[in-house]
Amino acid sequence: MRMNLKVPFAEKDQVKKLGARWDAALKVWYVAGEADLSPFAKWSPSPHDGAAPAKAGGSGKQLASGKVFVGSAFVVQERLCDCLPWDVCEKCEPTSLRNTL
1 MRMNLKVPFA EKDQVKKLGA RWDAALKVWY VAGEADLSPF AKWSPSPHDG
51 AAPAKAGGSG KQLASGKVFV GSAFVVQERL CDCLPWDVCE KCEPTSLRNT
101 L
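Written as structure tokens, this is what we have:
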């Protein structure tokens, strides 16, 4: 299991000594396969700060504002037709997110 960490630059040497590794492609510190993650709790990302990996098929809805609404703020948009979600037909055009971009 891999856990990305939110590490300020000034604390990079601390996490490196504890065994964290640097992912140059993602530009993030991470730990993988550690049985005890408690030494890294200080740098554990919160669920909404973007450092945690995104989950597919989610319970959130991203609007044109860039905000993701989850939990009690999530509202399911009613389907007006049977077209695929990425195709926009004449029926669902008025409620499409393409109109808000």
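Letter by letter, the sequence shown follows residues 1 to 101 in UniProt numbering. No residue lacks a Cβ here, since even glycine has one placed at the ideal position from N, Cα and C. If you're wondering where the values come from, they're calculated on a predicted model, not measured in any experiment.
Checklist line | Reduced DSSP category for L84 - H, G, I as helix; E, B as strand; rest coil | finding: coil
Next item on the list: Counting only the same chain and skipping the five closest in sequence on each side, list residues whose C-beta sits under 6 Å from that of V28.
Entry: N4
Checklist line | beta-carbon V88 near the ligand FMN non-hydrogen atom, thresh 7 Å | finding: This structure lacks the ligand FMN; in fact it carries no ligand of any kind.
Check: From W22 to V15, what distance separates their C-alpha atoms?
Finding: 10 Å
Check: On the premise that R2 lies in contact with A32, defined as a C-beta separation below 8 Å, what is that separation, rounded to the nearest angstrom?
Finding: 4 Å
Next item on the list: Grab me the residues of K91's own chain with a C-beta within less than 7 Å of its C-beta, minus the 5 sequence neighbours each way, in chain order.
Entry: L80 and C81
Item checked: Exposure of W86, with buried meaning 16 or more beta-carbon neighbours within 10 Å -> exposed
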